[in-house]
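Please read the structure below before turning to the comments.
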Amino acid sequence: MSIRVQGLVKEYQHRRVVNGVDLVVNPGEVVGLLGPNGAGKTTTFYMIVGLERCDSGSIYIYDHDVTAMAMHIRSKYGVSYLAQEASVFRKLTVFDNIMAIRELTDLPSSLRKTRCEQLME
Numbered sequence: 012m013s014i015r016v017q018g019l020v021k022e023y024q025h026r027r028v029v030n031g032v033d034l035v036v037n038p039g040e041v042v043g044l045l046g047p048n049g050a051g052k053t054t055t056f057y058m059i060v061g062l063e064r065c066d067s068g069s070i071y072i073y074d075h076d077v078t079a080m081a082m083h084i085r086s087k088y089g090v091s092y093l094a095q096e097a098s099v100f101r102k103l104t105v106f107d108n109i110m111a112i113r114e115l116t117d118l119p120s121s122l123r124k125t126r127c128e129q130l131m132e
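With the numbering used here, letter number 100 in the sequence shown gets 111, and the count goes up by one each step, no holes.
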């Protein structure tokens with residue numbers, strides 16, 4: 012998967028918390044965002060997955076402009092978010108939590124399970 016972010020900006024109450032972030036993640040790469048508390052790491056991530064809207068800038072997944080797309084639409088391109096905090100599915104395993112979210116996709120049941128197993132490797 013290729014993710015490309017260009018010029019992301021986010022402000023809260025006239026305070027700019029993300030200022031022109033550019034980022035490229037190529038297939039097979041693992042990228043970490045490093046910085047002190049309040050640097051905008053989480054906000055940048057939230058904008059990429061669709062939990063937050065950016066005030067300006069663009070987000071591309073597989074060269075598709077997903078900037079204005081809702082989170083559930085972006086998930087069809089393979090980008091989603093699983094919180095580290097306890098989820099609403101507290102008693103489910105990680106596998107079952109992922110499968111619960113995958114139920115929202117158009118994939119056949121057998122393919123969802125196969126894809127989930129691949130993600131767990």
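Glycine is no exception: its CB is placed at the ideal position from the N, C-alpha and C atoms.
A direct Cα-to-Cα measurement between Leu45 and Asp33 gives close to 14 Å. With 16 or more neighbouring CB atoms inside 10 Å of its own CB, Arg85 falls in the buried class. Under the three-state reduction of DSSP output, His75 falls in the strand class.
Under the Cβ criterion (8 Å, minimum of three pairs), the segment 39 to 53 does not count as touching the segment 71 to 89. Look at the beta carbons and you see the segment 16 to 34 touching the segment 51 to 68: at least three pairs across the two are nearer than 8 Å.
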